[in-house]
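Since the structure comes first, as structure tokens, the remarks are kept for the end.
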Amino acid sequence: MTSGNLSGRPPALSNAQALNDLADIADGFLLHNRDIVQRMDDSLVRLSGEMLRRARATSRTRCRCRRG
17 MTSGNLSGRP
27 PALSNAQALN
37 DLADIADGFL
47 LHNRDIVQRM
57 DDSLVRLSGE
67 MLRRARATSR
77 TRCRCRRG
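One gets my numbering by counting positions in the sequence shown from 1 and adding 16 to each.
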């Protein structure tokens, strides 16, 4: 899964834009009915805590937080 953008271009802001821009290279689309307000790449993390892909500005160090 990817953020829905061509290399060097920002992610699409609408389903229509994604369908138009990526139709020739995407195997499928996961669409939603909510508007995109802010383009943002999220990190991908496994439940084991393994980082698969870091989003921009993600810290490379961990910080421990107390529960409660």
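Don't be surprised by glycine CBs; every beta carbon is placed ideally from N, CA and C.
Start-to-end residues for the alpha helix (DSSP H) that takes in residue i
i   : result
N31 : N31 to L38
Distance between residue j and residue i (C-alpha atoms, nearest Å)
i   : j   : result
R25 : Q33 : 12 Å
C79 : V53 : 29 Å
A28 : N21 : 6 Å
S30 : C81 : 36 Å
N36 : L47 : 13 Å
R55 : L38 : 17 Å
A42 : S64 : 29 Å
Any non-hydrogen atom of the ligand ATP within 8 Å of residue i CB
i   : result
D51 : Among the components modelled here there is no ligand, and therefore nothing to report on the ligand ATP.
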